[in-house]
Amino acid sequence: MAKIILTHEVSGLGEAGDVVEVKNGYARNYLVPQGFATPWTRGGQKQVDQIKAARAARELHSLEDAQALKAKLESTKVRLSVKAGLGGRLFGSVKPADVAAAVADAGLGEIDKRKVEFTAPVKSVGDHEVTVKLRDEVTATITLQVVAAK
1 MAKIILTHEV SGLGEAGDVV EVKNGYARNY LVPQGFATPW TRGGQKQVDQ
51 IKAARAAREL HSLEDAQALK AKLESTKVRL SVKAGLGGRL FGSVKPADVA
101 AAVADAGLGE IDKRKVEFTA PVKSVGDHEV TVKLRDEVTA TITLQVVAAK
């Protein structure tokens, strides 16, 4: 087993700054080359502290702010205008950055595009459900209204 420090959030494994043990091949062939992790060293604790401090700065500072943002996001439909062809099919799909920009344009606040998750790819016009992880214990569900651009 290899002991590594995660530099990015890896689904099912942990968040940035976590120290985890994984199989050698998974670490050597995937996590380290993709930049998701670095090998653990004795001096690695300083790097872990820096990653955790950066993550804490990005997160919302208080639980009350996260709850207020969740209430605003869930009470409003977020409208996103994209290019679409006949029958309402999109040219491509909606990306997490598009959702974050649409929320900011609607004046609802700033969200991190890395915290936006889709249950299924959004490839057609209409209403879609999107989840946003605001904090570890606060998750908001956004109703995304995708319309064809004119």
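Numbering-wise, the sequence shown is residues 1 to 150 according to UniProt numbering. From the three backbone atoms N, C-alpha and C, an ideal C-beta is built for every residue, glycine too.
Linking residue 117 to residue 44 through their CA atoms gives a straight-line distance of about 30 Å. In the displayed model, residue 65 falls within a helix according to three-state DSSP. Residue 21 is bridged by DSSP to 3.
Residue 135 carries a coil assignment under DSSP once its states are collapsed to helix, strand and coil. In the three-state DSSP reduction, residue 112 falls in the coil class, being neither helix nor strand. CA-CA distance, residue 108 to residue 120, rounds to 24 Å. The alpha carbon of residue 79 has as its nearest neighbour, out of 106, 69 and 11, the alpha carbon of 106. Note on geometry: alpha-carbon atoms of residue 35 and residue 91 lie some 30 Å from one another.
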